[in-house]
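Enquirer: In our numbering, the protein residues as written are 14 to 455.
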Ligand SMILES: Cc1cc2nc3c(=O)[nH]c(=O)nc-3n(C[C@H](O)[C@H](O)[C@H](O)COP(=O)(O)OP(=O)(O)OC[C@H]3O[C@@H](n4cnc5c(N)ncnc54)[C@H](O)[C@@H]3O)c2cc1C
C-alpha cells in the first residue's frame, strides 16, 4: 500500500504517524509546500526570545495530543505551564481578572447585578427542543443573557477562534456546550452533573521545551518514508485505480491520498477530479490573523498570568495579548519577558492584513492601551496568516457532512485538516488518529 499525505501540519503529520504505527510496511510519501513542517505550529528564535507562529500549547482536558506525544516517545520534551497560567484577564474599559469561582463571579465588576442575576437564572431556562444550528450570540443570549455573552463569550471567541459570537456556529465550535443543554437541560445543571462523574484531574496547559516546533521536529523523525518539503502539490487526479499526485517535479501514483491542506488549497487540488466537491470545500472560508511578538530585556510590568483578551465593545485594535514568558519561562532569556499580541480575526480582518511595521505599531498601541506598557521592545517578530483560522459559520456542520458524503464517491481519497471538525490541536490529532484507524482497518 502506498499512501500520499499532502500537508505536513499537525493533521497530516499525526495521520502519517498513526498510519505508520499500524502498518510499518506501508509506503508513506509526505508532501509539504513550505521548507519546514508544522503548518501553523512553529517556533522562531529571535536573539534568545522564542516566539510561536501560532498556538503555544494544548490542554490535557482532552487526551489526544498528550497521547500522541507519548506514542511518539516525546514525553521528555513536554513542559507544563506555570501556575500563573490560571490567572486570565479581560479588557473592557480596563483590565479585570477573570473570575474563577462563584464568589469571585458575584463580586466582579465585569457584569452588572442585573447581568449576574440573568446569568444565574440559566437554571430556569427551558432547553431548546430542535437541533437547528444557531450563532453563539443567539445561544448565549438565550441561556446566559446578553451581558454575559457580550463580555465573556465575546472575549473567549476572540481567543479561541479569532471570531465573534455573532458569526460563529455554536454547534460546530462549541459542541460540548450544546450537549450540556441537550443532555442535561442546561449548562449549570450539566456542569454540576458532569463534575460529579469526573474522576480524573482537570485540564492543564502543556507545551514543549524550546516551543512547539521542537515537537514537530521530533514527530518528523518518527515518520519514515519520503518527505518532500518545499514541494507544493499542484493537483490530484484519478489514475490506474489509484491517484496521481502532481508537483512541479512530475507525478507520483499511489493507492490512497490524505489531503491535510487548508480548505481553499484542497479545493484547488481537487478541481479537476470533482469540481462539485471542490466547490463545496471552497465554501469554507478563513479569517486573517496576525501574531506580533515583543521581547523585553527590562520590563517593569509583572505579566502575572496567561494574558488578556479584549471584548469587541472595548473597541481596542488587538484581540488579546499572551504573556508567554510567564506561562512557559523558556520563551525569554533569564530576567527578560516575552509576549505575543493577536490582531485581526473576524472582528477586524483588515487589521491583520497590514504590513509588518503597521502591525508592530498596532501591537504597541494595544499593549499601551490595555496594559499601560509604553517601554519599547528590544526585539519584535511578526507572523501574518492571511488565511489563518477557518470560520465555523452557522451551517458549517451541514457543509462538512455534504463534503464527506460526496467524498464517499472517491474510495481512497481522504480529507483531514482543521477546516472540518475542530481546530484545536486535540481535535486535529483525534481526527487524524481516527482517520488512520479507518484507513488501516485498526
Ligand atoms: C495564530 C494561531 C494560534 C493558535 N493557537 C492555538 C492554541 O493555542 N492551541 C490549539 O490547540 N490550537 C491553536 N491554533 C489552532 C491550531 O494550531 C491549528 O488548527 C492546527 O495547527 C492546524 O493544523 P492543520 O494540520 O490542520 O493545518 P495547517 O497547520 O494549516 O497545515 C496545513 C499544511 O499544508 C501545507 N500546504 C498548503 N498548501 C500545500 C500544497 N499545495 N502542497 C503541500 N502542502 C501544502 C501548509 O504549508 C501547511 O503546512 C492556533 C492557530 C493559529 C493560526
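We put the beta carbon where it would ideally sit given N, CA and C, even for glycine.
Please classify residue 212 as buried or exposed, where buried requires at least 16 neighbouring CB atoms within 10 angstroms.
Expert: Since pLDDT at residue 212 reaches only 42, below the 50 mark, its modelled position is unreliable, and no value is offered.
Enquirer: Just to confirm, is the Cβ distance from residue 103 to residue 267 under 8 Å?
Expert: Not closer than 8 Å, so no.
Enquirer: How big is the Cα-Cα spacing for residue 336 and residue 173?
Expert: Roughly 16 Å separates the two Cα atoms.
Enquirer: Is it the case that the Cβ atoms of residue 62 and residue 358 are separated by a distance below 8 Å?
Expert: Contact flag unset, no.
Enquirer: Give me, in chain order, the residues of the same chain whose beta-carbon lies closer than 6 Å to that of residue 19; leave out the 5 immediate sequence neighbours on both sides.
Expert: Within the same chain, residue 19 has close Cβ partners 44, 246, 272, 274.
Enquirer: Quick one, are the C-beta atoms of residue 219 and residue 93 less than 8 Å apart?
Expert: Against a cut-off of 8 Å, the Cβ pair of residue 93 and residue 219 comes out as a contact.
Enquirer: Would you mind sorting residue 137 into buried or exposed? The rule is 16 or more other CB atoms within 10 Å of its CB.
Expert: Label assigned to residue 137: exposed.
Enquirer: Which first and last residues belong to the beta strand (DSSP E) in which residue 394 is found?
Expert: Residues 392-403.
Enquirer: To the nearest angstrom, how far is it from the Cα of residue 433 to the Cα of residue 311?
Expert: C-alpha separation (whole angstroms): 43 Å.
Enquirer: I need the DSSP call for residue 176, collapsed to helix, strand or coil.
Expert: Coil, per DSSP.
Enquirer: On the three-state DSSP scale, how would you describe residue 75?
Expert: Coil.
Enquirer: With respect to 7 Å, is the separation between the Cβ of residue 294 and the closest non-hydrogen atom of ligand 1 below this value?
Expert: Every heavy atom of ligand 1 is 7 Å or more from the Cβ of residue 294, so no.
Enquirer: By the three-class DSSP mapping on this structure, what secondary structure does residue 88 have?
Expert: The answer is helix: DSSP assigns residue 88 an H, G or I state.
Enquirer: How about residue 136: is its Cβ closer than 7 Å to a heavy atom in ligand 1?
Expert: Incorrect: residue 136 has no Cβ contact closer than 7 Å to ligand 1.
Enquirer: For a test of the three-state rule: what should DSSP assign to residue 104, helix, strand or coil?
Expert: Strand at residue 104.
Enquirer: Just mark residue 350 as buried or exposed, buried being the case when its beta carbon has 16 or more other beta carbons within 10 Å.
Expert: So residue 350 ends up on the buried side.
Enquirer: Pick out whichever of 382, 217, 369 has its Cα sitting closest to the Cα of residue 72.
Expert: Here the closest residue by C-alpha is 217.
Enquirer: What is the DSSP secondary structure of residue 239, reduced to helix, strand or coil?
Expert: Strand.
Enquirer: Excluding the 5 residues flanking residue 404 on each side, which residues of the same chain have their C-beta closer than 6 Å to its C-beta?
Expert: Excluding sequence neighbours, residue 404 sits near 298, 300.
Enquirer: What first and last residue would you give for the alpha helix (DSSP H) that runs through residue 182?
Expert: That residue, residue 182, is in no alpha helix (DSSP H); it is neither H nor E in DSSP.
Enquirer: Would the beta-carbon of residue 270 fall within 8 Å of that of residue 33?
Expert: Not in contact: residue 270 and residue 33 (Cβ atoms no closer than 8 Å).
Enquirer: Thinking residue 166 and residue 149 are a contact (beta carbons under 8 Å), I'd like their distance in whole angstroms, please.
Expert: Correct: roughly 6 Å between the Cβ atoms.
Enquirer: Is it a yes or a no for the region 322-335 touching the region 76-90, going by three-plus beta-carbon pairs under 8 Å?
Expert: Judged by Cβ distances under 8 Å, the region 322-335 makes no contact with the region 76-90, as fewer than three pairs qualify.
Enquirer: If the criterion is Cβ atoms closer than 8 Å, does the pair residue 60 and residue 334 meet it?
Expert: No, the Cβ-Cβ distance between residue 60 and residue 334 is not below 8 Å.
Enquirer: Classify residue 390: buried if its beta carbon has 16 or more other beta carbons within 10 angstroms, exposed otherwise.
Expert: Residue 390 is buried by the Cβ-count criterion.
Enquirer: Is any non-hydrogen atom of ligand 1 found closer than 7 Å to the C-beta of residue 233, if you look at the structure I gave you?
Expert: Answer for residue 233: no, Cβ out of range of ligand 1.
Enquirer: Answer yes if the region 395-412 comes into contact with the region 179-189, meaning at least three C-beta pairs across the two stretches below 8 Å, and no otherwise.
Expert: Touching, per the Cβ criterion.
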